[in-house]
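Participant: Dumping the structure here so I can ask a few things about it.
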Amino acid sequence: LGIFGFLTTGDDVIKGNMGLKDQVLALKWVQDNIEQFGGDPNQVTVMGESAGGASVHLLMMSPMAKGLFHRAISSSCEGISDIWQFNRSNSEHLENVARHFNCPSRNTELFAACIRGIDAEELVAYLGGQV
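My numbering applies: residue 759 is where the sequence shown begins, and numbers increase by one.
Shown next, in the form of structure tokens:
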């Protein structure tokens, strides 16, 4: 997910947790479509290892994921570990992206509008495929 999975401006402009929200949307898709693949929407299991294991724990605690899965396997990490703490290097990396694309980094509303307007191919190229 790179810098955008848990991107936050630290205020209400970009709140963060897009990575977990994407996982919830994927689980909703599974619920809507699993029968087309011979699956049972009442027998969905989520599994994650390392950071994925932490995601499983966080999904188990999230009201947004309630009823979307029924079993969980978490390996090598938990959702209350320090892996989810604010990481200064991510913030610095984001400031570098803003600077490269001439986005203001001090005003979060202007920053959000600017970063959303960056051409996806240019952004992927700049990040070396690590979006």
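Glycine included, each C-beta is placed from N, C-alpha and C at the ideal position.
All values reported here derive from a predicted model rather than from experimental measurement.
Starting from the N-terminal side, write out each stretch of the beta strand (DSSP E) that is 3 residues or longer and does not extend beyond the region 787 to 859.
Facilitator: Listed in chain order, the complete beta strand (DSSP E) runs (minimum 3 residues) inside the region 787 to 859 are 803 to 807, 829 to 833.
Participant: Which residue wins for smallest C-alpha separation from Leu826, given the options Gln781, Ile761, Val855?
Facilitator: Numbered from its first residue, the sequence shown carries residue 826 at position 68. The option with the nearest alpha carbon to Leu826 is Gln781.
Participant: Helix, strand or coil for Arg874 per DSSP?
Facilitator: Residue mapping note: residue 874 aligns to position 116 of the sequence shown, counting from 1. Helix at Arg874.
Participant: Can you grab the Cα-Cα spacing for the pair Asn775 / Ile876, in whole Å?
Facilitator: Your numbering for residue 775 matches position 17 in the sequence shown. Your numbering for residue 876 matches position 118 in the sequence shown. In a straight line, the C-alpha of Asn775 is about 21 Å away from that of Ile876.
Participant: What does the alpha-carbon distance come out to for the pair Gly810 and Ala830?
Facilitator: Sequence index remark: in the sequence shown, residue 810 carries index 52 (1-based). Sequence index remark: in the sequence shown, residue 830 carries index 72 (1-based). C-alpha separation (whole angstroms): 11 Å.
Participant: For Asn854 and Glu879, I'd like the C-alpha separation in whole angstroms.
Facilitator: For the purposes of this step, residue 854 is taken as the residue at position 96 of the sequence shown. For the purposes of this step, residue 879 is taken as the residue at position 121 of the sequence shown. Answer to the nearest angstrom: the Cα atoms are 17 Å apart.
Participant: Give the C-beta separation of Thr767 and Ala870 to the nearest angstrom, bearing in mind that I take them to be a contact with Cβ-Cβ under 8 Å.
Facilitator: Within the sequence shown, residue 767 is the residue found at index 9, counting from 1. Within the sequence shown, residue 870 is the residue found at index 112, counting from 1. The pair is a contact, with the Cβ atoms about 7 Å apart (cut-off 8 Å).
Participant: What do you get for Leu765, buried or exposed, if any count of 16 or more other CB atoms within 10 angstroms of its CB means buried?
Facilitator: For the purposes of this step, residue 765 is taken as the residue at position 7 of the sequence shown. When all chains shown are included, Leu765 counts as buried.
Participant: Rounded to a whole number of angstroms, what is the C-alpha to C-alpha distance between Leu867 and Val814?
Facilitator: In the sequence shown, the residue the question calls residue 867 occupies position 109. In the sequence shown, the residue the question calls residue 814 occupies position 56. First, the amino acid is wrong: residue 867 is Glu here, not Leu. Distance between the alpha carbons of Glu867 and Val814: 31 Å.
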